[in-house]
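Residue numbers (the working numbering): 73 to 184.
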Amino acid sequence: MFALKILYMLCGILYVISVIFHKTYFSKLKDNVKISNYLALVASFLLLYILFGLTISLFEKGLFFRTLLFIFSISPFIIGKFANYEKEKLFTLIQFIVIILSVTFVLFYLVR
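Here it is as structure tokens:
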């Protein structure tokens with residue numbers, strides 16, 4: 073379970089970093105193949121973040137931790153339900169904050 077928590081935190085951090093790189097560098101490229109490959113990598117980080125979070129929330133002890141981690145894990149779907157193109161930056165920022173909070177929460181729970 074310890075390894076899953078580490079992988080969960082790693083995928084969350086890699087997702088945030090990769091989206092920042094996309095917004096600053098890859099979105100300005102003209103090569104669609106490089107962009108699509110990179111976006112597949114970003115989506116993979118998000119998928120692993122969700123899967124690891126759901127797996128941990130199923131097998132971890134403690135109702136509070138399980139419930140909160142489950143909510144953090146499905147947060148991309150909840151945020152995506154309300155997102156639209158006009159407010160993309162706002163919802164991306166909200167997603168970053170939620171992922172950083174979830175990684176911090178798991179980190180503090182791990183240290184405890």
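Cβ atoms here follow ideal geometry from the backbone N, Cα and C, with glycine treated the same way.
Quick caveat, the model's predicted, so the values are computed rather than measured.
Three-way DSSP call (helix, strand, coil) for residue i in this model
| i | result |
| --- | --- |
| Met-73 | coil |
| Leu-79 | helix |
| Tyr-157 | helix |
| Leu-101 | coil |
| Arg-138 | helix |
Run of the alpha helix (DSSP H) containing residue i, from where it starts to where it stops
| i | result |
| --- | --- |
| Gly-125 | 104-131 |
Contact under 7 Å by Cβ, residue i with residue j
| i | j | result |
| --- | --- | --- |
| Ile-107 | Phe-98 | yes |
| Cys-83 | Tyr-110 | no |
| Leu-141 | Lys-77 | no |
Cβ separation of residue i and residue j, assumed to be a contact under 8 Å, to the nearest whole Å
| i | j | result |
| --- | --- | --- |
| Leu-113 | Ser-90 | 6 Å |
| Ile-128 | Tyr-80 | 6 Å |
| Ile-151 | Ile-166 | 6 Å |
| Phe-131 | Met-73 | 7 Å |
When the options are compared against residue i, the one with the closest alpha-carbon
| i | options | result |
| --- | --- | --- |
| Arg-138 | Lys-95, Val-183, Phe-177 | Phe-177 |
| Ser-174 | Pro-148, Phe-163, Ala-155 | Pro-148 |
| Ala-75 | Val-105, Lys-161, Phe-124 | Phe-124 |
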